[in-house]
Amino acid sequence: DFVAYLVKRIKADHEDVMNTSRDIMEMARENMKNVSRIHHAVLRMLEAHSFSEFIEIITSDLAAMLDLDICTLVVEADDGVIPHIHIQGIRMVPAGTIERWMAGSPTLLQDHISGIEAIYGGGATLVQSQALVRVDIMQGTPTALLAFGSRHPDTFADGQGTEHVTFLARVVERIFRAWLQVPIKG
1 DFVAYLVKRI KADHEDVMNT SRDIMEMARE NMKNVSRIHH AVLRMLEAHS
51 FSEFIEIITS DLAAMLDLDI CTLVVEADDG VIPHIHIQGI RMVPAGTIER
101 WMAGSPTLLQ DHISGIEAIY GGGATLVQSQ ALVRVDIMQG TPTALLAFGS
151 RHPDTFADGQ GTEHVTFLAR VVERIFRAWL QVPIKG
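Numbering (the numbering used here), first residue to last: 1 to 186.
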C-alpha cells in the first residue's frame with residue numbers, strides 16, 4: 001500500500017531529523033561547557049601571583065579545570081636547563097623532539113593512542129587521546145608545547161576543531177611573555 005509506505009517513510013524521516021537535532025543540541029551544550037572551562041582556566045592563569053604559580057596552574061590545575069586527565073608543558077632543552085626558567089613541573093625533551101612529534105603542524109589531535117612518557121611522565125599509561133599545541137613564547141626561546149591528555153580514546157580526534165586549545169596556547173604565550181617581561185608580538 002503506497003500510502004502506508006509514505007507514512008512509514010515520513011515517520012522515519014521525522015525520527016532522523018529529531019535525532020540529528022538532539023545530537024546538534026548536545027554538541028552545542030558540550031561546546032559551551034568547553035568555552036566556559038577555557039574562560040575559567042584563562043582567568044585562573046591571569047590571577048597567578050608568581051611565575052611559579054602560573055606554571056603550577058598549567059601543570060597541576062589545568063587538567064581539572066578542563067575536565068581532562070593530565071596537562072603538561074613540554075620544552076626542548078638539551079642540557080636540562082631552560083633559559084630564564086628555573087621552575088619544577090616542566091617536562092624537558094631534547095632539541096628537535098617537538099618538531100618530530102608535530103611534523104610541522106601547530107596542533108595535533110590524536111585518538112586511540114598510548115601516551116608518550118616523555119610528555120606525560122608516569123601519567124602516560126593513562127593517556128588514550130591527546131591534543132598537542134605549539135607554544136611560541138618569543139624568538140630565541142626553546143620550542144615548547146602544551147599537551148592535553150585524556151583517558152577517553154575519543155576526547156580528541158583528528159579533524160576536530162582546534163580553536164579552543166589554540167586560543168588557550170596563545171593566552172599561555174602572552175602570560176609567559178608578561179612574566180618574562182618580553183614584549184608581546186604584533
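Backbone N, C-alpha and C fix where the C-beta goes; we use that ideal spot for every residue, glycine too.
Cβ-Cβ distance between residue i and residue j below 8 Å
i, j, result
"E99", "T166", "no"
"D111", "D61", "no"
"V93", "E76", "yes"
"G149", "V127", "yes"
"A41", "L132", "no"
"A48", "F54", "yes"
"L46", "I137", "no"
Three-state secondary structure (DSSP) of residue i
i, result
"R37", "helix"
"A147", "strand"
"T20", "helix"
"I70", "strand"
"L180", "coil"
"E76", "strand"
Selected residue, minimal CA-CA separation from residue i, among the options
i, options, result
"D158", "Q139, L109, A147, E173", "L109"
"L66", "G96, N31, G89", "N31"
"A147", "R174, G104, F156", "F156"
"G140", "R177, A12, H152, R91", "R177"
"Q160", "S129, D78, R134", "S129"
"I90", "G123, S105, P106, E56", "E56"
The ligand PLP heavy atom lying under 7 Å from the CB of residue i
i, result
"S50", "By its list of ligands, the structure shown contains no ligand whatsoever, and the ligand PLP lies outside what it can speak to."
Residue environment, residue i, which counts as buried when at least 16 other CB atoms sit within 10 Å
i, result
"Y120", "buried"
"L73", "buried"
Beta-bridge partners of residue i, as assigned by DSSP
i, result
"M27", "Answer is none; M27 lacks a bridge partner."
"R134", "L145"
"L62", "According to DSSP, L62 bridges with nothing at all."
"Q208", "As displayed, the chain neither begins before 1 nor continues past 186, which places residue 208 out of reach and without an answer."
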